[in-house]
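Q:
Residue numbers (my numbering), protein chains in the order written: chain S, 1440 to 1790; chain C, 77 to 276.
1) Nearest-angstrom Cα distance between residue 1708 of chain S and residue 1737 of chain S?
2) Does the distance from the CB of residue 1576 of chain S to the CB of residue 1617 of chain S come in under 8 Å?
3) Would you say residue 1695 of chain S reaches chain C, if we count a Cβ-Cβ gap shorter than 8 Å as a contact?
4) Since residue 1473 of chain S and residue 1724 of chain S are thought to touch, with beta carbons under 8 Å apart, how far apart are those beta carbons, to the nearest angstrom?
5) What is the DSSP secondary structure of residue 276 of chain C, reduced to helix, strand or coil?
6) Does DSSP classify residue 267 of chain C as helix, strand or coil?
7) Report the option in C/183, C/178, C/177 whose CA atom is closest to the CA atom of residue 169 of chain C.
8) Taking Cβ positions only, does residue 1468 of chain S come closer than 8 Å to chain C?
9) Give me the residue from C/180, C/171, C/107 with the minimum Cα distance to residue 145 of chain C.
10) When the distance is taken between beta carbons, is residue 1700 of chain S closer than 8 Å to residue 1656 of chain S?
11) Residues of chain S with a CB under 8 Å from the CB of residue 210 of chain C: which are they?
12) Distance, Cα to Cα, residue 143 of chain C vs residue 197 of chain C?
13) How big is the Cα-Cα spacing for residue 87 of chain C and residue 93 of chain C?
14) Could you tell me which uninterrupted alpha helix (DSSP H) segments, each at least 4 residues in length, are contained entirely in the stretch 80-129 of chain C, listed from first to last along the chain?
15) For a contact defined as C-beta to C-beta under 8 Å, what are the partners of residue 118 of chain C on chain S?
16) Any beta-carbon of chain S closer than 8 Å to the one on residue 236 of chain C?
17) Taking 8 Å as the CB-CB cut-off, is residue 1651 of chain S touching chain C?
18) Are the stretch 100-107 of chain C and the stretch 146-155 of chain C in contact at 8 Å, needing three or more beta carbon pairs?
19) When the cut-off is 8 Å and only beta carbons count, does residue 112 of chain C lie next to chain S?
20) Please report the residue range of the beta strand (DSSP E) in which residue 1777 of chain S lies.
21) Out of S/1676, S/1622, S/1685, S/1666, state which residue places its alpha-carbon closest to the alpha-carbon of residue 1533 of chain S.
22) Looking at chain C, is there any beta carbon in it that lies within less than 8 Å of the beta carbon of residue 1751 of chain S?
23) Taking the runs of the beta strand (DSSP E) that are 3 residues or longer, which of them lie wholly in the stretch 201-236 of chain C?
24) Which residues bound the beta strand (DSSP E) around residue 1546 of chain S?
25) Using 8 Å as the cut-off, can you tell me whether the stretch 1519-1530 of chain S makes contact with the stretch 1680-1698 of chain S, which would need three or more C-beta pairs spanning the two stretches below that distance?
26) Using three-state DSSP, classify residue 1559 of chain S as helix, strand or coil.
27) Counting only beta-carbon atoms, is residue 1741 of chain S nearer than 8 Å to chain C?
28) Which residues in chain S sit within 9 Å of residue 106 of chain C, going by Cβ to Cβ distance?
29) I want to see whether chain S comes within less than 8 Å of residue 109 of chain C, judged by CB atoms only; does it?
30) Is the beta carbon of residue 135 of chain C sitting closer than 8 Å to the one on residue 215 of chain C?
31) Using the Cα positions of residue 1449 of chain S and residue 1456 of chain S, report the straight-line distance between them to the nearest angstrom.
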């Protein structure tokens, strides 16, 4: 029992550290990639190739003056960014990072918890994340912040619907399981889900952009109209938490997308490779290779997120709503209908 | 009722089905930005590399010494008169006995200041100088935190005895010949003997 707790605790800390580390280096990579896309050099002064830049940024954030407006609701003002950060970090709990490892005859799963409603948990936690932004924006007692918060919540709620329906279609094709682990394991045996759900993937991807408040859907923090949006009044590390949570969300949604549609830690000809290397199930090398494959996918997704940000201009608010309700929602319903019909014909579902 | 035929039909095209899909357009745009990943950076990482400048670049001035190490400037003030930006000020002083190795002639500049924020680096001071004392060089003026620090005194302008600054690129035979034109009588003091040695 103690050993189990220690192992889970270590796993929690590792996932926590990886999430924060990836988020920190995403900020650097974002700046670097944006520079490369614009024929610039990007940060290269702090450490070799600018690798210490996240530390410098974090240090700067910590030493900034902490301002809490007089007219704000102090408790909620502090609660907002904390909630955003908390929910961003909580989502990592159900993601299967890599294959199980056998150590001394014990099977260790590389997933903090394999709950059978993993997908539902993800969606639940992500929707609680809206509360953080909403509370933070409202507690600031600032019109810009409030408008940003309203935009954020309406946008996230609108896009969650299309996203949810796209995922329902995915769940139908993977045999009705809500466990992320089983969804990933199924793609090990067969093809990756992208083959069966290309439209679903595009819908999910667009919605993921909107859910993480990334460009071209970054209206909540639209600096041209709303100064800073929901974090107008925030300074110091509380602002840092908001900005950091965005990168963690980006990391987690990349991880979820690779797990849902691209087979997570599986990759083409994985079994052939393992056989050629003489590795057996439960070997730590399989776990490491799988982890590498998973992180390659995640890195590609994060880069594409950034690539899109530095290519596309921001949507207008009515265009955003139109896209969400009048394009993505009908498309996702269509996708769901087609999936149901096809799966019914194949005999995978019955009424 | 149409009064004139100057009215224009405003283009308000309806999007085609392909355009309404947006995805091809988005991918096209992303390929354009993506292609910039492989283009040459325009950045010059300044302290480590500098942009190449012409050999006759007009930058940070130098007050030259003669071949014995004595300052050439006699504080005549012609440079200050020639300066269109009024960036040059100086105070003159008389040379004392025993200072012959320091100053070339009986009068010298006690202080000599150029305000680098006023200077427009036109090179007219150099042209006006009858003693071949002031030259512009290809050194860039440093950045400073205070405005006062941009007023360069003799400590920054006069060349060091052991670290001579080569101005032979700017002081060519043609330049010397130009300076000897009848209209520029004051320059006949200069004999042009050491022109090719680059030591002035």
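Heads up, the beta-carbon is just placed ideally off N, CA and C, and yes, glycines get one too.
A: According to the structure shown:
1) 19 Å
2) It is not a contact, given that the beta carbons lie outside the stated cut-off.
3) Residue-level contact check: residue 1695 of chain S does not touch chain C, since none of the beta carbons of chain C fall below 8 Å from its beta carbon.
4) The pair is not a contact, with the Cβ atoms about 36 Å apart (cut-off 8 Å).
5) At residue 276 of chain C, the pLDDT of 42 sits below 50, so the modelled position is not reliable and the matter cannot be decided from this model.
6) For residue 267 of chain C, the predicted structure reports a pLDDT of 48, less than 50, and the residue's modelled location is therefore unreliable. A value from the coordinates is still provided. It is coil, neither helix nor strand.
7) C/183
8) no
9) C/180
10) no
11) Within chain S, no C-beta atom comes less than 8 Å from the C-beta of residue 210 of chain C; the nearest is roughly 37 Å away.
12) 26 Å
13) 18 Å
14) As for any alpha helix (DSSP H) of minimum length 4 sitting wholly inside the stretch 80-129 of chain C, the runs are 93-96, 99-111, ordered along the chain.
15) 1478, 1479
16) no
17) With 8 Å as the cut-off, residue 1651 of chain S does not count as an interface residue toward chain C.
18) Put simply, the stretch 100-107 of chain C does not touch the stretch 146-155 of chain C. Fewer than three CB pairs are less than 8 Å apart.
19) yes
20) Counting along the chain, residue 1777 of chain S falls outside any beta strand (DSSP E), though it belongs to the alpha helix (DSSP H) covering 1768-1785.
21) S/1622
22) yes
23) Listed in chain order, they are 210-212.
24) 1545-1549
25) Yes, the stretch 1519-1530 of chain S is in contact with the stretch 1680-1698 of chain S.
26) helix
27) no
28) 1743, 1746, 1747, 1750, 1751
29) yes
30) yes
31) 10 Å
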